[in-house]
Amino acid sequence: MSRKLTSVAVAATATLATLAAPAVAMADETTTTGDQAGQAIAQAQDSVAQAQQSTAEANQAIAQASPTGVTEAQAKADAAAAALDTAKRNLDNAAAQQQTAANNQQQAQANYDDASKAQQQAAQDATDTADKIAAAQQAANNASNAINDANKAMQQASAGQSKAEAAKQAAQTAKDEATAESASHQKDADKAQTDIDAADKQTTDAQKKADQADTAISDAQKKAGRADADAKQAASDKAAAEKELAEAKKQQASTTGDKTKADEAVNAAQAKLAAAEQAEAKALEAKQKADAKVEQLSKDDGGLSDLAAKLEAAKKAAADAAAAQQKA
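Just so we're aligned: the sequence shown equals residues -27 to -1, 1 to 301 in mature numbering (1 follows the signal peptide of the UniProt record, and there is no 0).
As structure tokens, then:
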């Protein structure tokens, strides 16, 4: 577009350099210059319209995006969206500046046309009047300068539009990164919660086993109590049998004549003592086994301690994931 605008300025200079040419030729040259400027302005307006359409489509796509995330990560995504809105406004401002430059260019072209008409009129009225020619030359120069200024403004507007597009792209990238980071932290949090649920279930199962173990311990303690009572009773029976044997032997020793009954009493007492000793030994063995069972069950918690440690580790992992999610 700047090349075509420069052509307009060159045409203006060429027109002023040929003031002595016929009026028809000068009119043809002015018409051609006006057509070229009109085409350049139309192309600039088309470019602005296309940029505005592209901006509208980009904004619509951004508005339809559905960010995901949680808490602080979502706040970052919202901030990125706000930056995106700012980029859109900058793009709109650039388009407005471009339109203003196009309007200024049209005005400059109109001024140039007026100057050309004044130049033609001056040539017709007094071809030998240097002042009028100089004034027309100055007006043409001013118009050419105005066209150049409009061209510079158009270039600046295009540069502003490119800058706004870059800012918009950067904002979109920041928004996408925030959304991805939020999704990653959410995945970690979900895994930690799954581990906690699994540890809770294992702990519940272990607690059931521990309750069953408590019941078994209680039963074993009852058996141990009965075994202890049996052992005490056996010891008492043994002491009574020993006493009875001692009495039988004493009676045997003091008996004169036929000692058959005394001997039978001693034998019976000895047999009773042997049975009492055997019963005591069995009772003591049963008591030892019952005590050992109670001790074993008391030491075994069914893995409850290990599962409790795993549960605490899972909870800590969940807390760490939540903290990372808030920092995102």
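Ideal Cβ positions, reconstructed from N, Cα and C, are used throughout, including at glycine.
Go through its chain and collect everything with a Cβ distance to residue i's Cβ below 7 Å, but skip five positions before and after it.
i: residue 200; result: 256, 259, 260 and 263
i: residue 130; result: 67, 70, 71 and 74
i: residue 273; result: 186
i: residue 232; result: 225
i: residue 55; result: none
i: residue 304; result: Because the chain in this structure spans residues -27 to 301, residue 304 falls outside the shown range and cannot be described.
Between the options, which has its C-alpha nearest residue i's C-alpha?
i: residue 211; options: 244, 185, 157 and 228; result: 244
i: residue 86; options: 154, 223, 112 and 300; result: 112
i: residue 144; options: 182, 57 and 188; result: 57
i: residue 82; options: 55, 12, 19 and 22; result: 12
i: residue 178; options: 46, 280 and 48; result: 280
i: residue 22; options: 134, 224 and 51; result: 134
i: residue 251; options: 206, 53, 79 and 162; result: 206
i: residue 18; options: 50, 54, 44 and 79; result: 79
i: residue 105; options: 116, 163, 241 and 91; result: 91
i: residue 166; options: 15, 29, 16 and 289; result: 289
i: residue 116; options: 89, 217, 48 and 27; result: 89
i: residue 155; options: 47, 100 and 114; result: 47
i: residue 59; options: 240, 140, 153 and 16; result: 140
i: residue 291; options: 220, 159, 217 and 278; result: 159
i: residue 49; options: 33, 142 and 153; result: 153
i: residue 138; options: 157, 25 and 239; result: 25
i: residue 278; options: 176, 101 and 107; result: 176
Specify, as a first and last residue, the run of the alpha helix (DSSP H) that residue i falls within.
i: residue 59; result: 44 to 98
i: residue 272; result: 233 to 272
Might you give, ordered along the chain, the residues of its own chain that have their beta carbon closer than 8 Å to the beta carbon of residue i, omitting 5 neighbours on each side?
i: residue 136; result: 63 and 67
i: residue 77; result: 119, 122, 123 and 126
i: residue 4; result: Confidence in residue 4 is poor, its pLDDT being 49 and thus under 50, which makes the residue's placement unreliable; the coordinate value appears in the next sentence. Hits under 8 Å: none found.
i: residue 188; result: none
i: residue 236; result: 225
i: residue 267; result: 190, 193, 194 and 197
i: residue 246; result: 211, 214, 215, 217 and 218
Going by beta carbon distance, what residues of the same chain come within less than 6 Å of residue i, once the five residues before and after it are set aside?
i: residue 203; result: 256
i: residue 208; result: 253
i: residue -7; result: With a pLDDT of only 44 at residue -7, under the threshold of 50, the placement of this residue in the model should not be trusted, and no figure is reported.
i: residue 287; result: 168, 169 and 172
i: residue -3; result: Model confidence at residue -3 stands at a pLDDT of 46, short of 50, so the residue's coordinates are unreliable and nothing is read from them.
i: residue 161; result: 294
i: residue 51; result: none
i: residue 239; result: 221, 222 and 225
Can you find a C-beta in chain B that's less than 8 Å from the C-beta of residue i?
i: residue 227; result: Of the protein chains in the structure, only one exists, and it is not chain B.
Margin query: Taking 8 Å as the cut-off, does the stretch 144 to 154 touch the stretch 68 to 86 (at least 3 CB pairs, one atom from each stretch)?
Written below: Under the three-pair Cβ rule at 8 Å, the stretch 68 to 86 does not count as touching the stretch 144 to 154.
Notebook entry, point to check: For the 8 Å Cβ check, are there 3 or more pairs between the stretch 72 to 79 and the stretch 160 to 172?
Noted result: Short answer: they don't touch.
Margin query: Quick test of the definition: if touching needs 3 or more C-beta pairs under 8 Å, does the stretch 178 to 193 touch the stretch 223 to 240?
Written below: Between the stretch 178 to 193 and the stretch 223 to 240 there are fewer than three inter-stretch CB-CB distances shorter than 8 Å, so the stretches are not counted as touching.
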